[in-house]
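Before any comments, here is the structure.
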Amino acid sequence: MNRRIDELDRRIILATQAGMPLVAKPYHHLAEQLGMSPDELMARLQAMQASGIIRRIAAVPNHYALGYKANGMSVWDVPDEHIGTLGQQVAELDFVSHCYQRPRHLPDWPYCLFAMVHGHDRAEVEAKIDQIAALLGEYDRGHQVLYSSKILKKTG
Numbered sequence: 227m228n229r230r231i232d233e234l235d236r237r238i239i240l241a242t243q244a245g246m247p248l249v250a251k252p253y254h255h256l257a258e259q260l261g262m263s264p265d266e267l268m269a270r271l272q273a274m275q276a277s278g279i280i281r282r283i284a285a286v287p288n289h290y291a292l293g294y295k296a297n298g299m300s301v302w303d304v305p306d307e308h309i310g311t312l313g314q315q316v317a318e319l320d321f322v323s324h325c326y327q328r329p330r331h332l333p334d335w336p337y338c339l340f341a342m343v344h345g346h347d348r349a350e351v352e353a354k355i356d357q358i359a360a361l362l363g364e365y366d367r368g369h370q371v372l373y374s375s376k377i378l379k380k381t382g
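Okay, so the sequence shown: first residue is 227 according to our numbering, each after it adds one.
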């Protein structure tokens with residue numbers, strides 16, 4: 227579904243790209259700032275999401291502030307013909323914050339499934355990685371964990 231954005235859509239995107247306001251009714255607050263009704267704001271956000279202009283609206287926790295100091299992007303070599311099913315199963319694990327399919331770059335980089343895991347320390351991350359490996363079973367043809375070396379700014 228193709229949809230062109232207008233000036234009001236642009237204003238909505240600008241108002242939300244750094245995150246939603248931390249108030250009891252964030253949509254009402256934004257709608258008031260933008261001079262529109264909360265229902266109109268919601269309808270426009272839903273239309274932009276349905277057309278792919280925006281991907282999602284979700285809370286983005288600060289894992290460091292919550293005590294999760296170890297962050298590991300696990301990368302997995304799984305068969306291409308099973309990646310859809312396996313990726314969905316990994317993404318549904320409550321300790322996986324995001325999960326992606328990415329292209330392999332053979333022969334140096336055989337990994338095609340990426341899953342971010344957070345833990346209080348590396349031992350906790352490793353235990354969670356072991357759970358993913360057990361879930362993937364015979365389809366785990368190899369994996370690595372790439373640990374974060376610095377905190378990058380996350381918004382919206």
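Every residue, glycine too, gets a C-beta built ideally from N, C-alpha and C.
Keep in mind the model is a prediction, meaning the values are calculated, not measured.
Shortest alpha-carbon distance to residue i belongs to which of the options?
i	options	result
residue 369	375, 360 and 376	360
residue 364	303, 233 and 230	303
residue 313	340, 334 and 332	340
residue 242	230, 229, 285 and 333	285
residue 362	347, 345 and 318	318
residue 345	294, 329 and 327	294
residue 253	283, 229 and 356	283
Note down the Cα distance separating residue i from residue j, rounded to an integer number of angstroms.
i	j	result
residue 297	residue 320	15 Å
residue 382	residue 300	With a pLDDT of only 46 at residue 382, under the threshold of 50, the placement of this residue in the model should not be trusted, and no figure is reported.
residue 373	residue 354	14 Å
residue 245	residue 287	11 Å
residue 307	residue 240	39 Å
residue 358	residue 350	13 Å
residue 336	residue 310	17 Å
residue 232	residue 249	27 Å
Return the bridge partner residues of residue i from the DSSP annotation.
i	result
residue 369	302
residue 249	According to DSSP, which records beta bridges pairwise, residue 249 is partnered with nothing at all.
residue 296	345
residue 308	Residue 308 pairs with nothing; no bridge assigned.
Just to confirm before moving on: does the CB-CB distance between residue i and residue j stay below 9 Å?
i	j	result
residue 343	residue 375	no
residue 247	residue 257	no
residue 234	residue 262	yes
residue 237	residue 260	yes
Return helix, strand or coil for residue i, following the three-state DSSP convention.
i	result
residue 382	Only weak support exists for where residue 382 lies, its pLDDT of 46 falling under 50; the value from the coordinates is given anyway. Of the three classes helix, strand and coil, the one that applies to residue 382 here is coil, per DSSP.
residue 319	coil
residue 326	strand
residue 256	helix
residue 262	coil
residue 341	strand
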